[in-house]
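Asks: Sharing a structure here in structure tokens format.
Chains as they are written, first to last, in the working numbering: chain A, 210 to 732; chain B, 97 to 164.
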């Protein structure tokens, strides 16, 4: 199914190398793709898709550092002017009486915020005044004093193409027919639950949702939580504790890292998607045991994600499972971005790689991305989920999921599974796969450096220099396309990028327009 | 209009220069400061070259015994 759409969309594209006049505009020459992540060419990587992480030419890195250096120097200069009193400080400052105390605002983070982020912060936190569908409306805001304060002009910018929302299957919609069941449930249950799951907030609609999620994923049982971040950070401490070992991927999300640190287990980091590094760590863990006592580890947990949201790369699931079985470790798979977005019927990376879901010990995911709602789930064997119902902080203390949100997830899952009687779900999944492949292929043709697997709907386009990142975001907005750009603290300092999120609701015309505008950026 | 074309090319180059050196993020007066520093340093280099290059070249040629 997925293969046939691949064939259809590829017929229209030119894959015989670049169009040199287009790539000349961009300024970077494409070198042959270097596979940054080593061997391990098992069955999976042969049938699935290359992942390329091209390195940019050396002069790009030099210019990036030079740009950061210049802005940092000017930052010191401005700080000096503020200290001397020639310029007013618009950020928080210590009071006169506290000038001799330990300084509060002199660390690097505050320096960076004051002198780099504030100059360009009109590219982030833009207020949106419609639903985050394929197009949306932005509120127009201007700044008179170089982004220290904003004011709204009162106008909106209508019909901006949305390339930033995680709306992979297009379920963020306000079509009255589709949302009828949601409206009915609000009438039945109200909007808030006013309690935690364990006390008196366990509604029948929650039970229905958990049953549906378990069926959808093909596992025994599932439990849902109100917030995706809290699902990770509050449940990992319930699963592992002191004396356990966590092997976590280099580029894991903050929620996984926070959960791992809160649990008190020992954390070791292996290189991103690198099976040799993981195997070496597993061997060392089994042979040497805990640090001083050399006792065996109580539990070894490997934490990986389905799709990594900053890189767009997909985990090598069959190889991780083979390693896990060989060394008798457990696997925690975070499918926040991949559930609903990859796989022939939207079941996530387990379906993409044809892996038995029972092989993954803990399957975690969120409903924020592909289902257009909010919240998260943990699924697996019945004993695991029953244990979590009693021992997880999120289950005991956090408020239960709101009924209209629950019903939105139920209708989205039913749509994907085809249980509502239409083929809308499968149409959306195929549309997303086709849009992803088309968009990625066109951008690559133009000569941009794109990270990640060809199947992932997250498309990071590398821009490298801080000036370009900012200019890109502003120019795209002027031409009515909204993108998310990410810079230093969230990515390595030389790899600033713009991240496009393809959606099933985007039409071919919208993607073409985005491509055209992107290619016009440089001249 | 070749002059119009020339102007467009120059302003594109200036824009690229602003992007690459991250001057795009700075305020106009900071750009002026940086540009004047850069131009004065380059100007001094060019002037020094103009004044001293003939002597250096004669010294090199003398060393390699091309000229007495």
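Note that beta-carbon positions come from the ideal geometry of N, C-alpha and C, so glycine has one too.
#1: Where residue 539(A) and residue 632(A) are concerned, what is the direct C-alpha to C-alpha distance, given to the nearest angstrom?
#2: Nearest chain B C-beta to residue 297(A) closer than 9 angstroms, yes or no?
#3: Please list the terminal residues of the continuous alpha helix (DSSP H) segment that includes residue 274(A).
#4: Are the CB atoms of residue 276(A) and residue 117(B) within a distance shorter than 9 angstroms?
#5: Check the Cβ-Cβ distances between residue 400(A) and every residue of chain B, and say whether any is below 9 angstroms.
#6: Applying the criterion that 16 or more other CB atoms from any shown protein chain within 10 Å of the CB defines a buried residue, is residue 136(B) buried or exposed?
#7: Determine whether the beta carbon atoms of residue 518(A) and residue 462(A) lie at a separation below 9 angstroms.
#8: Counting along the chain, where does the alpha helix (DSSP H) carrying residue 337(A) start and finish?
#9: Quick one: what does DSSP say residue 384(A) is sitting in, helix, strand or coil?
#10: Who are the neighbours of residue 121(B) on chain A, taking C-beta pairs under 7 angstroms?
#11: Between residue 439(A) and residue 547(A), is the Cβ-Cβ spacing less than 9 angstroms?
#12: Keeping to the same chain, check which residues put their C-beta closer than 7 angstroms to that of residue 564(A); ignore five residues upstream and five downstream.
#13: Name the residues in the segment 103-133 of chain B whose C-beta lies less than 9 angstroms from a C-beta of chain A; which are they?
#14: So the alpha helix (DSSP H) residue 109(B) belongs to, where does it begin and stop?
#15: Would residue 218(A) pass as an interface residue toward chain B - the criterion being a Cβ-Cβ separation below 9 angstroms?
#16: Please report the distance separating the alpha-carbon of residue 566(A) from that of residue 613(A).
#17: In this structure, how does DSSP classify residue 680(A) when only helix, strand and coil are distinguished?
#18: Note down, in chain order, all residues in the segment 263-279 of chain A with a beta-carbon under 8 angstroms from any beta-carbon belonging to chain B.
#19: Please work out which residues of its chain come closer than 6 angstroms, Cβ to Cβ, to residue 738(A), disregarding the five sequence neighbours upstream and downstream, and give them in chain order.
#20: If we ignore side chains and look at the alpha-carbon of each, how far apart do residue 507(A) and residue 455(A) end up?
#21: Would you please verify whether the beta carbon of residue 325(A) is less than 9 angstroms from any beta carbon of chain B?
#22: Report the three-state DSSP secondary structure of residue 539(A) (helix, strand or coil).
#23: Can you give the Cα-Cα distance for residue 328(A) and residue 355(A), rounded to whole angstroms?
#24: Within 10 Å of its beta-carbon, does residue 580(A) have 16 or more other beta-carbons around it, so buried, or fewer, so exposed?
#25: Return helix, strand or coil for residue 392(A), following the three-state DSSP convention.
#26: Just checking my contact of residue 405(A) with residue 606(A) at CB under 8 angstroms: how many whole Å lie between their CB atoms?
#27: Can you pull the chain B neighbours of residue 355(A), defined as C-beta to C-beta under 7 angstroms?
#28: So what's residue 149(B) in DSSP terms, helix, strand or just coil?
#29: Looking at residue 659(A): is its Cβ nearer than 9 angstroms to the Cβ of residue 671(A)?
#30: Note down the Cα distance separating residue 712(A) from residue 402(A), rounded to an integer number of angstroms.
#31: So for residue 585(A), helix, strand or coil by DSSP?
#32: Per DSSP, what kind of secondary structure is residue 558(A) in: helix, strand or coil?
#33: Suppose the cutoff is 7 angstroms on Cβ atoms and the five residues either side in sequence are ignored; what does the same chain contact list for residue 367(A) look like?
#34: Going along chain B, which residues have a C-beta under 8 angstroms from residue 283(A)?
#35: Considering only C-alpha positions, which residue in the set 488(A), 523(A) and 344(A) is nearest to residue 536(A)?
#36: Pull up the CB-CB distance for residue 669(A) and residue 708(A), whole angstroms please, since I reckon it's below 8 angstroms.
Replies: In terms of the structure at hand:
#1: 37 angstroms
#2: Contact with chain B is absent for residue 297(A), since none of that chain's Cβ atoms lies less than 9 angstroms from the residue's Cβ.
#3: 267-293
#4: yes
#5: no
#6: Classification of residue 136(B): exposed, given that the 10 Å Cβ count is below 16.
#7: yes
#8: First-last for residue 337(A): undefined, no H or E at that position.
#9: coil
#10: 280, 328, 329, 675, 676 and 679
#11: no
#12: If we look at residue 564(A) and ignore the five residues flanking it on each side, its Cβ neighbours are 526, 527 and 530.
#13: 108, 111, 112, 114, 115, 116, 117, 118, 119, 120, 121, 122, 123, 126, 129 and 130
#14: 98-116
#15: In this predicted model, residue 218(A) has a pLDDT of only 36, less than 50, meaning its place in the structure is not dependable enough to derive any value.
#16: 29 angstroms
#17: helix
#18: Cβ contacts with chain B come from 272, 275, 276, 277 and 279.
#19: The structure shown does not extend to residue 738(A), since chain A is modelled only from 210 to 732, so the question has no answer here.
#20: 11 angstroms
#21: Under the Cβ distance rule, residue 325(A) counts among the residues neighbouring chain B, one pair being separated by less than 9 angstroms.
#22: The answer is strand: DSSP assigns residue 539(A) an E or B state.
#23: Across the structure, residue 328(A) and residue 355(A) are spaced so that their CA atoms are roughly 6 angstroms apart.
#24: buried
#25: helix
#26: 6 angstroms
#27: The answer, in chain order, is 123.
#28: helix
#29: yes
#30: 31 angstroms
#31: strand
#32: helix
#33: Spatial neighbours of residue 367(A) in its own chain (CB-CB distance under 7 angstroms, excluding positions within 5 residues in sequence) are listed in chain order as 346.
#34: 122, 126 and 130
#35: 488(A)
#36: 5 angstroms
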